[in-house]
């Protein structure tokens, strides 16, 4: 009696290397991803550096503006004080002239005292004029600083807006890359660098969402 026939054993699947049509796109994706990662790191570094530089310049200008305003207030107080001094001297001069009418003083002494009073008043007027010019110069400098501050502020805001737009574009590109890699995961899983890059993109995205 013949033995029953046995069914043939299933053959193991033959593993074939990926065709060139898949290799080139994967290399292109890997190269583009690496280049864009470098570009993103460069842009983030440049944006951070520009932001810090502009922030320091704005803080310096604000501090300078506060110092000039403080000095300007001191000049105003000095002018007010000198105006009071001038008024006191003019009142003293008037009182002195009234006393001269009652006292017998030689013409030379009268002229000398009047000249002293006049010189004092003239000196105070010159000092007030000089301080007034300094105040004007300070105000001009404050105006220049305000304009510079406004200009730097506008540049900073424009850079911030451009940086946000660039980051959005980079995030969109990363999302597209993840979508492509996810859609071809059977190919990605066969390439260790691509698989690691895919995992890194996912971790980076999760980290950004947590922040």
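Residue numbers (the UniProt record's numbering): 1 to 211.
Even for Gly, the Cβ is constructed at its ideal location relative to N, Cα and C.
For residue i, which residues of its own chain have a beta-carbon under 8 Å away from its beta-carbon, when the five flanking residues on both sides are left out?
i, result
"residue 145", "61, 64, 65, 68"
"residue 148", "61"
"residue 72", "135, 138, 139, 142"
"residue 121", "86, 89, 90, 93"
"residue 12", "Annotation note: pLDDT 47 at residue 12 (below 50); position unreliable, coordinate value reported separately. Hits under 8 Å: none found."
"residue 55", "156"
"residue 113", "96"
"residue 117", "89, 92, 93, 96"
"residue 153", "58"
"residue 108", "none"
What distance in whole Å lies between the Cβ atoms of residue j and residue i, which are believed to be in contact at a cut-off of 8 Å?
i, j, result
"residue 58", "residue 156", "7 Å"
"residue 196", "residue 26", "In fact, because the Cβ distance is near 13 Å, the residues do not count as touching under 8 Å."
"residue 131", "residue 70", "Going by Cβ atoms, the distance from residue 131 to residue 70 rounds to 15 Å, so no, they are not a contact pair."
"residue 150", "residue 29", "With 8 Å as the limit, residue 150 and residue 29 do not qualify as a contact, their Cβ atoms being about 46 Å apart."
"residue 77", "residue 170", "Going by Cβ atoms, the distance from residue 77 to residue 170 rounds to 55 Å, so no, they are not a contact pair."
"residue 166", "residue 43", "6 Å"
Among residues of its own chain, excluding the 5 on either side of residue i, which ones have a beta-carbon nearer than 7 Å to its beta-carbon?
i, result
"residue 185", "none"
"residue 82", "124, 127, 128"
"residue 201", "174, 177, 178"
"residue 23", "Low confidence applies to residue 23: its pLDDT is 49, below 50, so where it sits in the model is not reliable enough to give any reading."
"residue 33", "177, 197"
"residue 192", "none"
"residue 163", "47"
"residue 183", "none"
"residue 227", "Because residue 227 is not part of the residues shown, which for the chain are 1 to 211, the question remains open."
"residue 188", "181, 194, 195, 198"
"residue 203", "none"
I'd like the list of long-range same chain contacts for residue i, defined as Cβ closer than 6 Å, with 5 residues on each side in sequence excluded.
i, result
"residue 21", "Confidence is the limiting factor: at residue 21 the pLDDT is only 47, short of 50, which leaves the residue's position unreliable, though a coordinate-based value still follows. So the list is empty, once near-sequence residues are dropped."
Between the region 42-51 and the region 83-93, do three or more beta carbon pairs fall short of 8 Å?
no
Could I get the ranges of all uninterrupted alpha helix (DSSP H) runs contained in the region 178-209, with 4 residues as the minimum, in chain order?
185-188
Could you give the uninterrupted runs of the alpha helix (DSSP H) lying entirely in the region 84-158, keeping only those of 4 residues or more?
none
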